[in-house]
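A.B. asks: Numbering (our numbering), first residue to last: 18 to 560. For glycine and all other residues, C-beta sits at the position ideal for the given N, C-alpha and C. None of the values given here were measured: they were computed from a predicted structure.
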């Protein structure tokens, strides 16, 4: 029968649980882990993928990486990010993904059960992966990843779990960055703990490894190593669940499992020729000439796409698009919302290399025709001072600005799912700047500079603050570029210029008049000759 035990978990404070939660160490590489943990000092990836806090030149399997894991774990405890449970408990864990929920029991399982095949295995393990987990457990002093086990469901066990969930509040209930919801209850009642332990010991003959063969094998070998050091009895603690005789597991009953298709590609013919392999496969099924084999993607499967948020949000960094209508408001929410220093009106969306969005939007810099007009004016402004060395910088500036999409983040957050709340695409970058306090005036003014923003100050007053227009200024084509990437030009009403409103972080640009070609002496002679000829014709007609 199956031996399980409660344990004193090291777990996060409830208010930090969402920040601490991270994806398993073996589903992302070091670069992805570093991006995912960026800006979040509470991420558990600092412990499970501690190489993210070291130089990229460090071997991910070096002793230094495991020492860093131990150091980071100690720091989490000292900073009270993690705390130790006061008594040994069981934990009910509910996972919800894509509308489907499954509930299981977090506990510790016996290494003896693993070695005696009460815990059933279905895969071989690789020595290098075992070694990695062994070193991680031994040096960090903790099992930071659990083993996923399955068992044939038991009505009595289901009743205990359902009864506890309905009569107690969860200690954690949050949706992680990958859109998976996690809900956890602590079972700390002595009678319930004893009942659960007894049910497994008397009515569950075995469990099955669904995921975590290397973690389970590593736990067994760590116990073997400790026995060799401590003596034949291997008793290092009076509390069984705290020593190497048990390892961390999550057990799900069979009625809570969702079995997905999992197919393998043949990479090694094990010494057989292709013909011999096909003959062996033909004993199970036969492929005939003109048969068509079709391999389709799993239903709903899509390659992960990522977007980035920068600046004044609580947790800037890379985020995965979790739905086809994933919007700006969803990203800001997952990033923890805006900080108190955020300037929402100046937020912008950068869409590198994408097709132009909403070409009819007059506020978007991405509008190709409007963009080219603005840069034509900008180039005229800079033409006199531009030398050959500036050419590359000018091109970079043009390309960077052409990627911007003008957004209104204040309206987006006030009214999510509105037309302003754009659906994000792969590679999009949302930038939220700090409060901006200046306005830049460039182009055909006497003293181009940056001026302190004053609410209520007009466009013309900022021009005057820069010395006023030059004689070459094209006043009725002056325009303003806002911090969020949108632009607005001056409008003509009768004989008056109506200039746009100025906001913090904006840039006022005054284009130069197109130069007219001067008439040379030869040109004047030609004009005079033409006038004389016309006069002669008129006189002859009058006669």
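Given that a residue counts as buried once 16 or more other Cβ atoms are within 10 Å of its Cβ, and exposed if not, what is residue 136?
C.D. replies: Your numbering for residue 136 matches position 119 in the chain shown. It counts as buried.
A.B. asks: Give a yes or no on whether the C-beta atoms belonging to residue 124 and residue 268 are separated by under 9 Å.
C.D. replies: Here the question's residue 124 lines up with position 107 in the chain shown. Here the question's residue 268 lines up with position 251 in the chain shown. Cβ distance < 9 Å, so residue 124 and residue 268 count as in contact.
A.B. asks: Which residues bound the alpha helix (DSSP H) around residue 555?
C.D. replies: On the chain shown, position 538 is the one that residue 555 refers to. Segment 538-559, the alpha helix (DSSP H) holding residue 555.
A.B. asks: On the three-state DSSP scale, how would you describe residue 216?
C.D. replies: Here residue 216 corresponds to residue number 199 of the chain shown, with the count starting at 1. Helix at residue 216.
A.B. asks: Measuring CB to CB, does residue 359 end up less than 9 Å from residue 330?
C.D. replies: The residue given as residue 359 occupies position 342 in the chain shown. The residue given as residue 330 occupies position 313 in the chain shown. Taking 9 Å as the Cβ cut-off, residue 359 and residue 330 qualify as a contacting pair.
A.B. asks: Going by DSSP in three states, residue 93 sits in which element: helix, strand or coil?
C.D. replies: Within the chain shown, residue 93 is the residue found at index 76, counting from 1. Residue 93: helix per DSSP, three-state reduction.
A.B. asks: Using only CA atoms, which one of 223, 183, 218 lies nearest to residue 204?
C.D. replies: Working through the chain shown from its first residue, we reach residue 204 at position 187. Checking every option, the nearest Cα to that of residue 204 belongs to 183.
A.B. asks: Kindly indicate which residue of 99, 119, 518, 495 has the alpha-carbon position closest to the one of residue 471.
C.D. replies: Along the chain shown, read from residue 1 onward, the residue named residue 471 stands at position 454. Minimum Cα distance to residue 471 is reached at 518.
A.B. asks: Strictly by DSSP, which residues pair up with residue 323?
C.D. replies: Locating residue 323 in the chain shown gives position 306, counting from the first residue. For residue 323, which the question treats as bridged, DSSP gives the partners 337.
A.B. asks: What residue range does the alpha helix (DSSP H) around residue 113 cover?
C.D. replies: Taking the chain shown and counting its residues from 1, the one referred to as residue 113 is at position 96. Careful: residue 113 lies outside any alpha helix (DSSP H), inside the beta strand (DSSP E) at 107-114.
A.B. asks: Could you compute how far the alpha carbon of residue 499 sits from the alpha carbon of residue 344?
C.D. replies: Mapped onto the chain shown, residue 499 falls at position 482. Mapped onto the chain shown, residue 344 falls at position 327. Their Cα atoms are separated by approximately 22 Å.
A.B. asks: I believe residue 489 touches residue 516 by the beta-carbon criterion, under 8 Å. Please report the beta-carbon distance rounded to the nearest angstrom.
C.D. replies: Reading the chain shown from its first residue, position 472 is the one you call residue 489. Reading the chain shown from its first residue, position 499 is the one you call residue 516. Rounded, the Cβ-Cβ distance is 19 Å, inconsistent with contact.
A.B. asks: Going by the CB atoms, is the gap between residue 429 and residue 338 shorter than 9 Å?
C.D. replies: Reading the chain shown from its first residue, position 321 is the one you call residue 338. Reading the chain shown from its first residue, position 412 is the one you call residue 429. Not in contact: residue 338 and residue 429 (Cβ atoms no closer than 9 Å).
A.B. asks: Assuming residue 7 is part of the beta strand (DSSP E), what are its boundary residues?
C.D. replies: Outside the shown range of the chain, which is 18 to 560, sits residue 7, and nothing can be said about it.
A.B. asks: Can you grab the Cα-Cα spacing for the pair residue 83 / residue 200, in whole Å?
C.D. replies: Residue mapping note: residue 83 aligns to position 66 of the chain shown, counting from 1. Residue mapping note: residue 200 aligns to position 183 of the chain shown, counting from 1. Cα to Cα, the separation comes out at about 30 Å.
A.B. asks: Where do the ends of the alpha helix (DSSP H) carrying residue 180 lie?
C.D. replies: To locate residue 180, count along the chain shown from 1; it is residue 163. Judged by DSSP secondary structure, residue 180 falls within the alpha helix (DSSP H) whose first and last residues are 172-184.
A.B. asks: By the DSSP assignment, the alpha helix (DSSP H) with residue 37 in it spans what residues?
C.D. replies: For this step, residue 37 is matched to residue 20 along the chain shown. Run containing residue 37: 34-37, per the alpha helix (DSSP H) assignment.
A.B. asks: Distance check for residue 336 and residue 78, CA to CA, integer angstroms please.
C.D. replies: Translated into the one-based positions of the chain shown, residue 78 becomes position 61. Translated into the one-based positions of the chain shown, residue 336 becomes position 319. When rounded, the distance between both Cα atoms is 27 Å.
A.B. asks: When you compare each of 119, 130, 111 to residue 20 by their alpha carbons, which one comes out closest?
C.D. replies: By one-based count along the chain shown, residue 20 stands at place 3. Nearest C-alpha to residue 20: 130.
A.B. asks: So residue 227 and residue 166 are in contact, right, with Cβ under 8 Å, and what is the actual spacing, rounded?
C.D. replies: Within the chain shown, the letter at position 210 stands for residue 227. Within the chain shown, the letter at position 149 stands for residue 166. Residue 227 to residue 166, Cβ: 7 Å. Contact.
A.B. asks: Let me know the secondary structure DSSP gives residue 489 once reduced to three states.
C.D. replies: Position 472 of the chain shown, counted from the first residue, corresponds to residue 489. Correct three-state label for residue 489: coil.
A.B. asks: Among the residues of its own chain, which have a CB less than 6 Å from the CB of residue 30, if the five just before and after it don't count?
C.D. replies: For this step, residue 30 is matched to residue 13 along the chain shown. No residues qualify anywhere along the chain.
A.B. asks: Which residue wins for smallest C-alpha separation from residue 423, given the options 504, 524, 321, 476?
C.D. replies: Here residue 423 corresponds to residue number 406 of the chain shown, with the count starting at 1. Comparing Cα-Cα distances from residue 423 to each of 504, 524, 321, 476, the minimum goes to 504.
A.B. asks: Report yes if the CB atom of residue 34 is closer than 9 Å to the CB atom of residue 42, and no otherwise.
C.D. replies: Counted from its first residue, the chain shown places residue 34 at position 17. Counted from its first residue, the chain shown places residue 42 at position 25. Their beta carbons are not under 9 Å apart, which means residue 34 does not touch residue 42 by this criterion.
A.B. asks: Where residue 453 and residue 535 are concerned, what is the direct C-alpha to C-alpha distance, given to the nearest angstrom?
C.D. replies: The count along the chain shown starts at 1 and reaches residue 453 at position 436. The count along the chain shown starts at 1 and reaches residue 535 at position 518. The straight-line gap from Cα to Cα measures roughly 45 Å.
A.B. asks: Under three-state DSSP, which class holds residue 503?
C.D. replies: In the chain shown, the residue the question calls residue 503 occupies position 486. Three-state result, residue 503: coil.
A.B. asks: Using the Cα positions of residue 529 and residue 195, report the straight-line distance between them to the nearest angstrom.
C.D. replies: As a first step, residue 529 must be located in the chain shown, where it is residue number 512. As a first step, residue 195 must be located in the chain shown, where it is residue number 178. Rounded to whole angstroms, residue 529 to residue 195 spans 51 Å at the Cα level.
A.B. asks: Looking only at DSSP bridge pairs, what is residue 190 linked to?
C.D. replies: Numbered from 1 along the chain shown, position 173 holds the residue referred to as residue 190. Bridge partners of residue 190: 200.
A.B. asks: Is residue 19 helix, strand or coil by DSSP?
C.D. replies: Position 2 of the chain shown, counted from the first residue, corresponds to residue 19. It is coil, neither helix nor strand.
A.B. asks: According to the Cβ coordinates, are residue 139 and residue 93 closer than 9 Å?
C.D. replies: One-based indexing of the chain shown puts residue 139 at position 122. One-based indexing of the chain shown puts residue 93 at position 76. No, the Cβ-Cβ distance between residue 139 and residue 93 is not below 9 Å.
A.B. asks: Rounded to whole angstroms, how far is the Cβ of residue 156 from the Cβ of residue 235, which I believe are closer than 8 Å?
C.D. replies: Counting from 1 along the chain shown, the entry for residue 156 is found at position 139. Counting from 1 along the chain shown, the entry for residue 235 is found at position 218. With a beta-carbon spacing of about 12 Å, residue 156 and residue 235 fall beyond the 8 Å limit used to define contacts.
A.B. asks: By how many angstroms is the C-alpha of residue 294 removed from the C-alpha of residue 162?
C.D. replies: Mapped onto the chain shown, residue 162 falls at position 145. Mapped onto the chain shown, residue 294 falls at position 277. The straight-line gap from Cα to Cα measures roughly 38 Å.
A.B. asks: So what's residue 496 in DSSP terms, helix, strand or just coil?
C.D. replies: Working through the chain shown from its first residue, we reach residue 496 at position 479. Reduced to three states, the DSSP call for residue 496 is strand.
A.B. asks: Who does residue 29 pair with in a DSSP beta bridge?
C.D. replies: The residue given as residue 29 occupies position 12 in the chain shown. Partner(s): 99.
A.B. asks: Alpha carbons only, please: which of 95, 326, 114 is nearest the one belonging to residue 52?
C.D. replies: Counting from 1 along the chain shown, the entry for residue 52 is found at position 35. Selected option, being the one with the closest Cα: 326.
A.B. asks: Measure the Cβ-Cβ separation of residue 177 and residue 216 and say whether it is below 9 Å.
C.D. replies: Here residue 177 refers to the residue found at position 160 when the chain shown is read from its first residue. Here residue 216 refers to the residue found at position 199 when the chain shown is read from its first residue. Yes; because the gap between Cβ atoms is below 9 Å, this pair is in contact.
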